[in-house]
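One structure below.
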Amino acid sequence: MYDVIVVGARCAGAPTALLFARAGRRVLLVDRAKFPSDKLSTLYIQQPGVARLAKWGVLDAVRATGCPPLDHVVYELGDTRVEGCCSGVDGQRAAYAPRRELLDRILVDAAVAAGVEFRDDCRVTELYRDGDRVVGVRCESARGSSREDAALVVGADGMRSAVAELVGAEKTAEHPPLTCAYYTFWRGPKTHFEMYEGDTGWVSAVPTNDDAVLVAAYAPQHRFDEIRRDAFASYQELVRVNAPELWAQVEGAEQVGKLHGTGDQQNFFRRAHGPGWALVGDAGHHKDSLTARGISDALMQAELLVETVGDALGDRERQDAAAAEYDRLREERLTENYAATLLIAQEEARPKRRALLGAIGTSPELTTRYFDAVAGIVSVRELYTPELMALMAGAAASESTAAF
């Protein structure tokens with residue numbers, strides 16, 4: 001019997017397994033994919049996430065992959081441009097954007113080194129129960145079928161989580177998809193971490209491994225059917241129209257790999273705890289990738305679950321109370337940025353965002369505070385100082401997140 005079984009070995013599941021193992025727990029980590037493997041991702045790890053990687057002793061391995069430190073950010077909305085960087089967390093001022101087959105492998109290897117048993121190419125098809133309590137899983141792989149028991153089963157298996165479906169985890173908040181996204185990699189452009197917002201969509205540039213840049217193009221969700229009819233031409237047009245300076249570099253660059261895309265950018269919270277189970281990462285909470293918070297939020301949730309539930313494992317009453325507290329704290333920490341992400345993905349909020357960025361750009365201190373809020377170092381409410389509100393001349397005075 002294991003103390004913990006973690007289903008999903010990506011950037012939510014592998015750290016969860018790692019931290020439980022370091023706390024002295026016997027952990028099984030499974031993933032349906034064959035590792036190493038890539039996945040749809042913005043790649044970007046905000047500074048709070050980088051600080052956690054450093055604390056866990058894996059940041060040096062991430063750096064060793066050759067992905068560049070990203071310590072300069074550009075946000076351009078029409079003719080309004082803000083650039084700078086955040087103040088940092090625990091001495092970590094740079095963000096990183098490693099390719100996912102590299103990051104996920106690093107995290108899994110660290111978990112295995114801590115004593116975790118890892119099985120890839122292994123699918124969970126059933127949960128076992130004692131009354132209403134989850135007590136184990138059925139694993140199916142090329143090696144055969146087996147029942148594995150644990151005091152806690154953690155679903156870290158993504159937005160379409162099988163664990164969430166099997167336990168019937170209901171959505172406690174949900175909003176319709178707001179954007180569709182397409183991306184590919186280009187070798188040749190020289191960029192920082194950059195975000196462009198124009199009249200027809202959003203474009204981001206994220207430098208990653210092997211001198212490649214991930215260039216993503218976002219359009220309003222209502223255009224998805226139109227765009228996917230000729231996805232590559234639509235992608236090129238979105239970059240050309242909304243980020244012309246970036247397009248000038250992309251146009252003559254070498255494309256690396258195929259175009260990836262999705263029109264299924266769900267926005268929700270699920271109940272993330274129950275008798276014998278918990279959810280971390282996208283399994284319990286997902287939002288539009290425009291704000292590139294997914295990886296950092298997953299790392300936070302992994303740490304929070306272990307800190308909250310770790311000492312109570314095996315004592316059913318205490319464990320259930322601790323899991324409920326994890327769920328409450330998780331939602332408390334994620335709700336503000338969830339609301340801000342929904343606003344950023346709405347075209348009608350663009351005039352207020354322009355007013356905000358115009359005010360931010362008048363002061364280096366405000367610029368740093370703005371990028372602190374974007375990274376999750378300070379809350380959005382802390383961004384809206386009296387100085388900023390005066391500069392905005394009331395453009396967003398009624399709501400602190402109205403323009404973020």
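Under the UniProt record's numbering, think of the first position of the sequence shown as 1, with each following residue one higher.
We put the beta carbon where it would ideally sit given N, CA and C, even for glycine.
Provide the residue(s) that pair with residue i in DSSP beta bridges, ordered along the chain.
i           : result
F268        : E174, H286
T179        : P220
residue 405 : The question about residue 405 has no answer here: the residues shown for the chain are numbered 1 through 404.
V89         : Q92
V154        : V6, A278
R133        : D130
I45         : Y96
F118        : L29
C139        : V124, S146
R81         : E76
R187        : A212, E254
T262        : A181
E197        : L77, W202
H273        : A278
L70         : A95
Measuring CA to CA, which of the options is closest to residue i?
i    : options                : result
E331 : Y96, L366, S41, L279   : L279
R381 : S363, V309, G361, A339 : A339
G294 : R10, M1, A312          : R10
Y183 : V135, L43, A390, W277  : L43
A390 : G358, T368, S379, R147 : G358
W277 : P189, V154, D90, L305  : V154
C85  : Y75, Y96, D71, G78     : D71
A349 : H192, T362, L178       : L178
L127 : T385, I5, P386, F269   : I5
R99  : P68, A113, D157        : P68
R369 : G78, E83, V62, M1      : E83
D315 : K171, R81, R133, V124  : R133
D79  : M300, A205, P244       : P244
V256 : A212, L383, L299, F269 : A212
Y96  : V73, R271, V27, A156   : V73
A324 : N337, V306, E336       : V306
K39  : S234, A151, P351, G158 : G158
E347 : L53, I360, R223, T385  : R223
G24  : V7, G361, A113, V135   : A113
M300 : I45, V27, S37, R354    : I45
G188 : D210, A173, T172       : D210
F371 : G66, L53, A94          : A94
E336 : L383, G274, G136       : L383
V206 : S41, P386, V62         : S41
A292 : P275, L313, P351, F193 : F193
P364 : G66, R81, Q221, A272   : R81
S136 : V27, A272, R354        : Sequence inspection shows Gly at residue 136; the Ser mentioned does not correspond to that position. When each option's Cα is compared against that of G136, the closest is V27.
Is it the case that the CB of residue i approaches a heavy atom of the ligand NAP more closely than 7 Å?
i    : result
N337 : The ligand NAP is absent from the structure shown, which contains no ligands of any kind.
Since I believe residue j is in contact with residue i (beta carbons under 8 Å), could you give me their beta-carbon distance rounded to a whole number of angstroms?
i    : j    : result
A110 : V58  : 5 Å
L343 : L366 : Between L366 and L343 the Cβ distance is about 19 Å, and since that is not below 8 Å, they are no contact.
L259 : F232 : 5 Å
G198 : A219 : With a Cβ gap of about 11 Å, G198 and A219 do not count as contacting.
T341 : D297 : Not confirmed; about 10 Å, so no contact.
E101 : W186 : Between W186 and E101 the Cβ distance is about 18 Å, and since that is not below 8 Å, they are no contact.
V124 : R138 : 7 Å
H175 : N242 : Not a contact, Cβ separation roughly 23 Å.
D149 : Y2   : 7 Å
R270 : E170 : 7 Å
V167 : L18  : That belief does not hold up - the Cβ atoms of V167 and L18 are roughly 23 Å apart, past 8 Å.
Y326 : M195 : Y326 to M195, Cβ: 32 Å. No contact.
L334 : M392 : Not a contact, Cβ separation roughly 26 Å.
A216 : S204 : 5 Å
L152 : V7   : Incorrect: roughly 11 Å between the Cβ atoms, too far for contact.
L290 : A345 : 5 Å
Three CB pairs or more closer than 8 Å across the stretch 105-121 and the stretch 13-24: yes
Should the stretch 44-53 be regarded as contacting the stretch 370-379, the criterion being three or more beta carbon pairs within less than 8 Å? yes
Per the contact definition of three or more C-beta pairs closer than 8 Å, is the stretch 248-255 in contact with the stretch 306-322? no
Is it the case that the stretch 174-192 contacts the stretch 219-239, given that we only count it when at least three CB pairs across the two stretches are under 8 Å? yes
Flag this pair as touching only if the stretch 267-284 and the stretch 158-178 have three or more C-beta atom pairs under 8 Å; answer yes or no. yes
Is the stretch 261-270 close to the stretch 214-234, with three or more CB pairs under 8 Å? yes
Does the stretch 114-130 come into contact with the stretch 27-35, if we say contact requires no fewer than three beta-carbon pairs (one atom in each stretch) closer than 8 Å? yes
Three-pair Cβ contact test at 8 Å for the stretch 86-96 versus the stretch 131-143: no
In chain order, which beta strand (DSSP E) runs of at least 3 residues are fully inside the stretch 320-364? none
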